[in-house]
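Participant: Questions regarding the structure given below will be posed in turn.
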Amino acid sequence: MIARSRAKWGRRFVVTATALLIVISVLPLERWFLGPLERRFVVPDLSELQVDGIIVLAGASNVFATLHWSQAALSESSERLTEGIGLALRHPEATLVFSDGAWDSTGEPIE
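Quick note, the sequence shown lines up with residues 45 to 155 if you use the numbering used here.
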């Protein structure tokens with residue numbers, strides 16, 4: 045009797061956990077969670093400011109994939125690169141600096 049009860053609760057747990065996993069993997073929950081955070085911080089209007097320089101921080105490219113495939117491989121932070129280029133196009137007088145470096149597997153810089 046006790047074993048049947050435990051088996052019954054075990055099956056319920058497995059079914060519930062499986063259903064929850066399917067719901068989490070299918071529904072676009074990241075939009076619900078990240079939406080309020082993204083709306084909280086507005087994009088500043090830089091049109092009236094004098095922009096002397098634009099610095100694009102590292103992380104926009106996947107160095108090892110780029111070396112392996114011999115073509116640019118962007119990472120999930122590639123918007124840094126595209127936004128930097130967009131700012132440079134809107135402010136052609138500004139100096140554009142990329143801080144992304146390429147290093148080989150031994151830790152030496154790639155020339």
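Ideal Cβ positions, reconstructed from N, Cα and C, are used throughout, including at glycine.
Since the model is a prediction, treat every value here as computed from it, not as a measurement.
From the DSSP output, read off the bridge partner residues of T139.
Facilitator: Partner(s): G97.
Participant: Over what stretch of residues does the alpha helix (DSSP H) that includes A132 continue unbroken?
Facilitator: 123-134 is the extent of the alpha helix (DSSP H) around A132.
Participant: Sorted by chain position, which residues of the same chain lie with C-beta nearer than 8 angstroms to I98's C-beta, five sequence neighbours on each side aside?
Facilitator: G128, L131, A132, H135, A138, T139, L140, V141.
Participant: Closer than 6 angstroms: is that where the CB of W53 sits relative to any heavy atom of the ligand NAP?
Facilitator: Looking for the ligand NAP in the displayed structure turns up nothing, as the structure carries no ligands at all.
Participant: Count the other CB atoms, across all protein chains shown, that sit within 10 Å of the CB of L125; report buried if there are 16 or more and exposed otherwise.
Facilitator: Its Cβ being crowded by 16 or more others within 10 Å, L125 is buried.
Participant: Which residues share a DSSP beta bridge with L65?
Facilitator: None; L65 has no bridge partner.
Participant: Does the separation of the CB atoms of L90 and S143 fall below 7 angstroms?
Facilitator: Going by C-beta atoms, L90 is not nearer than 7 angstroms to S143.
Participant: In or out: S114 buried (at least 16 other Cβ within 10 Å) or exposed?
Facilitator: That one is exposed.
Participant: Closer than 7 angstroms by C-beta to A116: which residues in its own chain qualify, once you throw out the five before and the five after it? Chain order, please.
Facilitator: Correct list, in chain order: S105, T110.
Participant: Where does L73 fall in DSSP's three states?
Facilitator: Three-state DSSP puts L73 in a helix.
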